[in-house]
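Worksheet for the structure shown next.
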Amino acid sequence: MLNKHNSASNPARFIATITSKKLALAWLTLVLVFIAMLAKQWQWSAQSPIETNILKLLPVNKQNPVAEQAFEAVSGNLSDKVVFVVTANDERVFSAASQLAQSLTETGRFKQVVGKVSAKQQNQWAEYYFNHRFQQLTPEQRLRLEVNPQAQVQYVLQSLYNPFSGVTGKELTSDPFLLFRDYLNQLSQLSSAFTLEQGFLTTTFENRKYVLVSATLNDSPYNLNAQQGVAEIVAIEDSISEQFDAQMLHTGVLFYAQFGTESAKSEISTIGLFSLLGIVVLIVGVFRSAAPLSLALLSIGIGLLAALAMTTWIFGTVHLFSLVFGASLIGVSIDYAFHYLTERLAAGQQWDSRKGLKHIFAAITMGLVTSLIGYLGMLIAPFPGLQQLALFSSIGLIAAYATVVAWYPVLAIRPSADRPLPGQKIWHQWLMLWEKPRVRVGLPILSLAVALFPLANLHYDDDIRQLQAMPDNLKQQEQLINQLSGIQSSQQMLVVTAEDDEALMQRLESLETRLNTWQQQDKIQGYQSLSQYLGSFSRQEQDHQLIASLYANQAAQLQSNLKLTTLPSLNQLFTAVSVQDYLAHPVSEAVRFLYVGQVDKQVAAVVVLSGLNAVEEVRAFAAQQNDISYLDKAEEISILFADYRVKVMELLIGALTVIALLLAKRYGLKHAFKILIPSLIACVAGLAAATAVGSTLNLFNLLALILIVGIGIDYTLFFAEKARSHSTLLAITLSALTTLLSFGLLSLSQTHAIHSFGITVLSGIFVAWLLSPLAIEDRKQQ
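The sequence shown begins at 1 in full-length UniProt numbering and counts up by one.
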């Protein structure tokens, strides 16, 4: 360590020492601010700042607020629901379902659990529709009363003498034309294939009885607290299955979200742990000292600390996806430390900590600038996911760089043990190879030729579902529950707008003709619309008039045929039911999501389409209507991904152009080309490797190219600055190994997008390291 005498006898050195200490203290102050920010954001906040909802990575659809609000209404209704199905070989299925509902309620994690429907709830539901029975008809009833009303009398006679119809004298008294029972049957069929048995919603499939239990979460399924309840739910299911010899099925966004969160956490811990272990092994093996290891871990830790603190402060939350990529940042942020530490090792007893920094300062600064150009370019795109990822990575790199510049000259004053660089003969032989023209020309050409071959099969797939791991067991359970219920979950819908509720209901009714035609032509399997549950004022009045006419003209015939003592009569006056009245009543709870409400001085509703087989025809129909739009969120997001894939490519080209100009200004055009060409070939190689292993390419492969360019140019820049330095090659090799380790682990991810990203970076970084000596210029030799 430098003593006071040496410092005092050299004023320049003394001033530099003071300056270094001031810079170190300034950076320490800023780091303490980051720690305080993180403590406040993560420890003192009521909710965890980690965001797990994959849709939060995507931009809001500002062009169509109605469509965005419609999607929120539907997805919000569906995402909070958890559906269970219980099956057993005997009547114990009802006991198992009852126990499940009770156990779920006792967890306190659900707003509502619906198992056995109480008699009060059944009566409430039936009473509501019964009180309005004279103003609601099924489409078949409406057609019959308009065209051939006397056929309703024959229908009553057939039902009465059918031993399986179950018509009672009390029912005939209250509903002599049996209109109400058919209307109720239609409502039940619209809801699902389940029917009430012993108070439970029950269905039979392949000679087994299945009972439905549903629940509504207290919290969002993306809330970590809600996801922690999955283990409790599974434990309840296992206990009941064993107790009643029953089988449990479940589905809901909660289970997919929890699986995605656990997968991401596992990947973060795996990537972070093995990256750190790799760094420890490399540093201990190469430097054989605790000091370099401590310094390296310090720069990594400060980089991640600053990135977390600033990202959470700016965005309010940090997405789990950013943390997955952030864990791989370890392999990148260590670069600056490796270059400083190898300089220290190469200098031996001649080491001067400030001169060592000065020796690599230009190279690491240019490396940081080129990396930031690539990352910060993503901030231009209005894509929250890209912006957060870019900011997280940029702040992490800046903080790691600042740690090296501000603290290393103070903390690494003592020289390392005086010994040769590890593998010096290997580095010497490798650099000697690059003096041969056939290697300098042939290896880049060969690498490019090998990389171009698989690109013949290159194709892109922008499907949003590549962002989420979809476990087979959850998909199988969902498919079976959909098959049992007869309802297919769908996010394909028509969004209908009108000036007010009455106009909206009339528009929904006019749309039914088209929807029924599509259904008959097998273009859709079915649909769900608010007009199936409630008529407009005009339809309610029309139905009341048809029923009144039926009583006026057919009551005598019915009395005669049935030998009734009194003439059936309609005494109930017409009282219209408004949309708001219906939505306020408990009977509408299951279908409220179909009504979007007020948006931009209009009201809107959605018609959910299931089993859509004619997407283009439906989209074309909607495009021709001023008040109807087609919405498929998954398709919309996939199209968005394709758009941003193009934009990211443009940003990448722009970043390369800026980097090329900077390099040309500093090194000249010819040398700048040599610095850039390894990274360009590495990009091609990365895409080729992902294609070769059968991965479809997407937006995240292009994000990988930004990383490859940023890191790959770092490698060539160090050679451009320091020529045939063995310490430079050692530092680059160590950096490449840690980066390969980080992103190699990403390639093992269960999520396709992350897996493909990892393979692309893994291959690209290897090629960038392999070709990096191309940037050596003998005239730069020091």
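Just so you know, even glycine gets a beta-carbon here, dropped at the ideal spot from N, CA and C.
By the C-beta density criterion, V284 is exposed, having fewer than 16 other C-beta atoms within 10 angstroms. The bridge partners DSSP lists for M493 are V608, L631. Sequence-distant partners of F574 (beyond 5 residues in either direction) whose C-beta falls short of 7 Å from its own C-beta, in its chain, are Q135, E541, H544.
In this chain, the beta strand (DSSP E) harbouring G526 covers 526 to 528. Apart from the 5 residues on each side of it in sequence, L308 sits with its Cβ closer than 7 Å to the Cβ of L38, V318 in its chain, given in chain order. The beta carbon of D501 sits closer than 8 Å to those of S578, V579, Q580, V603, all from its chain and outside the five residues before and after it, given in chain order. Taking every protein chain shown into account, the CB of H671 has 16 or more other CB atoms within 10 angstroms, so this residue is buried. For V615 and D632, the gap between their C-alpha atoms comes out near 10 Å. In this structure, the CA atom of V286 is about 6 Å from the CA atom of P422.
Apart from the 5 residues on each side of it in sequence, V114 sits with its Cβ closer than 6 Å to the Cβ of S214 in its chain, given in chain order. As the crow flies, the alpha-carbon of L282 is around 11 Å from that of S289. In the three-state reduction of the DSSP assignment, S214 falls in the strand class. Residue range 595 to 599 is occupied by the beta strand (DSSP E) that includes Y595. Where V615 is concerned, the enclosing alpha helix (DSSP H) starts and stops at 615 to 623. Look at the beta carbons and you see the region 162 to 179 not touching the region 88 to 96: under three pairs across the two are nearer than 8 Å. At the C-beta level, V496 and L484 stay beyond 8 Å of one another. Note: H319 is bridge-paired with E51 in the DSSP secondary-structure output. Taking a contact as a CB-CB distance under 8 Å, the pair V147 and F177 does not count as one, their CB atoms being some 16 Å apart. Distance between T107 and A101, taken at the CA atoms: about 10 Å. The alpha-carbon of L651 is positioned some 10 Å away from that of Y375. For the pair of segments examined, the region 239 to 258 was found to touch the region 217 to 227: the number of CB pairs separated by less than 8 Å reaches three. In the three-state scheme derived from DSSP, where H, G and I count as helix and E and B as strand, K523 is classed as coil.
The continuous stretches of alpha helix (DSSP H) do not include M248, which lies in the beta strand (DSSP E) extending over residues 247 to 251. By the CB criterion at 8 Å, A622 and L494 fall inside the cutoff.
The DSSP-derived three-state label of F130 is helix.
Cβ-Cβ distances below 6 Å link W518 to I524 in the same chain, with the five nearest sequence neighbours on each side left out; the list follows chain order. V167: not part of any beta strand (DSSP E); DSSP gives it neither H nor E. DSSP, read as helix, strand or coil, puts F177 in coil. The Cβ atoms of D175 and R133 sit closer than 8 Å to each other. The straight-line gap separating the alpha-carbon atoms of W351 and I360 is approximately 14 Å.
In the three-state reduction of the DSSP assignment, K436 falls in the coil class.
Excluding its 5 nearest sequence neighbours in each direction, L729 has C-beta neighbours in its own chain below 6 Å: W427, listed in chain order. The residues L515, V607, L609, in chain order, have a CB closer than 6 Å to that of Y527 in the same chain once the five nearest residues on each side in sequence are set aside.
CA-CA distance, L687 to T760, rounds to 6 Å. For S538, the number of other beta carbons within 10 angstroms of its own is below 16, and it is reported as exposed. Partner residues in the beta bridge of F205, as assigned by DSSP, are R208.
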